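Enquirer:
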Amino acid sequence: MSGVPILRSRAELRGAVRRWKAAGEVIGVVPTMGALHQGHLSLVRAAKKHCDRVVVTLFVNPKQFNNPEDLENYPRTEVEDAAKLVPFAVDALYVPDGEQMYPAGFATTVSVEGLTDVLCGAHRPGHFDGVATVVTKLFLQTGADKAFFGEKDFQQLQVVTRMARDLDIPTEVVGCPTIREEDGLAMSSRNLLLSDRARIPAPVLHEAMQDVADGLARGEAFDALKTAAEARILAAGFTEVEYFDLRACDDLSLLDAPDRPARLLAAAWLAGVRLIDNIGVPARG
Ligand code: PAF
921 MSGVPILRSR AELRGAVRRW KAAGEVIGVV PTMGALHQGH LSLVRAAKKH CDRVVVTLFV
981 NPKQFNNPED LENYPRTEVE DAAKLVPFAV DALYVPDGEQ MYPAGFATTV SVEGLTDVLC
1041 GAHRPGHFDG VATVVTKLFL QTGADKAFFG EKDFQQLQVV TRMARDLDIP TEVVGCPTIR
1101 EEDGLAMSSR NLLLSDRARI PAPVLHEAMQ DVADGLARGE AFDALKTAAE ARILAAGFTE
1161 VEYFDLRACD DLSLLDAPDR PARLLAAAWL AGVRLIDNIG VPARG
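Given below as C-alpha cells:
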C-alpha cells in the first residue's frame, strides 16, 4: 500500500480539484484538526461511500482557540494520521500551514449569529467565528460537493450547515453519528489529554446523559433529572459542569421538555480537560 498524497499548498490542491471537477467527479471533504481516531475514520468511510474523491484536511486552526495554552497542548500527530488514512486510499491529505490559510493581511471573519451565542459559543468567545471562517475556506478551497462532520460536535454541525446555506456555498453538509469507546465515552482528540487515572471517570458524563434521556422518555421533569445528573458527574471527579441543557435540534433554543425534536448537550471539565457530548432525545407525543 502506498502512502497518502500529502498536499501542503492551495495551488497543489487547486490543481487536483480542477482535474477531478473536469472529470465530473463528486468531491468529499473531511475537515479535521488531526489526532485522528475512529470517529474521524467513520467520517472518511462515509465520504468514501458517497464520493468519487475524498480529501481529508488537517489544520489546527488557531482562530478557533480562545485559550493559547489549549492551542499549544492540542495533539499534533501528522505522521500517525497519514498512516491511519492509508487503508482508506483517500485522494489527498491537505495539510496547509498558517500562511496558506491566513496569509499576511487576512481580514475576513465569517460569523453565524444566534446559534453561536449559546452552549460552547457562550463559554468559548470567538470559537465558532474561527470554525465558520476556516470551514468556509476549506469548502471553497476543496470545492467539495459534500462535507462530513460528526454529530459529536452537534453545535458545530448546526453552525456549518447554516453557514453554507446562508452563503450559498454548494457544499452539502452531512452529519454522521458519534462514535464511542466501549465504555460510552464519545471519541475525541481531547481524550488523549486525559491521564490513565483521569480517564476512569470520563464515561460518567455519557452515563448521566443517558439516564436523563431515559427519565425524559418516562415523562419525568427535566429540572430534577438535570440536578441529579450534575451531582453525579461532580461526584465522579469532574470539577465543573459548564452546561447541561435540553435544546431544540433545529435552532438550539432551550427546552423544558422534549416536545419537539430535542438534544441533550453537556460540557464538563475533568482533570483540566473539557469534554463535550450530546445525545438525541425522543420527542414526547
Ligand atoms: O471539528 C474540528 O476538528 C474542527 O472544528 C474543524 C471542523 C476541523 C475546523 O477546524
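When we follow this note's numbering, the leftmost residue of the sequence shown carries the number 921, and every step to the right adds one. The beta-carbon is built from N, C-alpha and C at its ideal position, and this holds for glycine as well. A quick note: this is a predicted structure, and the numbers were derived from the prediction, not measured.
(1) Considering just the uninterrupted stretch of the beta strand (DSSP E) at D1116, what are its terminal residues?
(2) Between G944 and H970, is the Cβ-Cβ spacing less than 8 Å?
(3) Just the Cα atoms here: how many angstroms apart are M1021 and K1057?
(4) Have a look at G1139 and T1098 and give me their C-alpha separation to the nearest angstrom.
(5) Could you say which of P951, V964 and V946 lies nearest to D972 if we only look at CA atoms?
(6) Which residue wins for smallest C-alpha separation from A955, given the options F1026, P995 and Y1014?
(7) With a Cβ-Cβ cutoff of 8 Å, do A1149 and R1180 count as a contact?
(8) Between T952 and the ligand PAF, is there a pair consisting of the residue's CB and a ligand heavy atom that are separated by less than 7 Å?
(9) Secondary structure at R996, three-state DSSP: helix, strand or coil?
(10) Are the beta-carbon atoms belonging to D1011 and V1055 less than 8 Å from one another?
(11) Between N1198 and A1003, what straight-line distance do the alpha-carbon atoms span, to the nearest angstrom?
(12) Output needed for A1191: all residues of its chain with C-beta closer than 7 Å, excluding positions within five of it in sequence on either side, in chain order.
(13) Go ahead and label E936 buried or exposed: buried means 16 or more other beta carbons lie within 10 angstroms of its beta carbon, across all protein chains shown.
(14) Express the C-alpha separation of A1067 and V1124 in angstroms, rounding to a whole number.
(15) Quick one: give me the first and last residue of the alpha helix (DSSP H) that V1079 is part of.
(16) From which residue to which residue does the alpha helix (DSSP H) around E932 run?
(17) By the three-class DSSP mapping on this structure, what secondary structure does P951 have?
Expert: The answer reads as follows:
(1) Counting along the chain, D1116 falls outside any beta strand (DSSP E), though it belongs to the alpha helix (DSSP H) covering D1116 to R1119.
(2) no
(3) 8 Å
(4) One C-alpha to the other measures close to 26 Å.
(5) V946
(6) P995
(7) Not a contact, by the Cβ cut-off of 8 Å.
(8) yes
(9) The answer is coil: DSSP assigns R996 none of H, G, I, E or B.
(10) no
(11) 30 Å
(12) L1114, S1115 and A1118
(13) Per the sequence shown, residue 936 should be read as Ala rather than Glu. Residue burial annotation: A936 is buried, with at least 16 other C-beta atoms found within 10 angstroms of its C-beta.
(14) Going from the Cα of V1124 to the Cα of A1067 covers about 31 Å.
(15) Looking at the DSSP string, the run of the alpha helix (DSSP H) that includes V1079 is F1074 to D1086.
(16) Note, E932: alpha helix (DSSP H), R930 to A942.
(17) Residue state, collapsed to three classes: strand.
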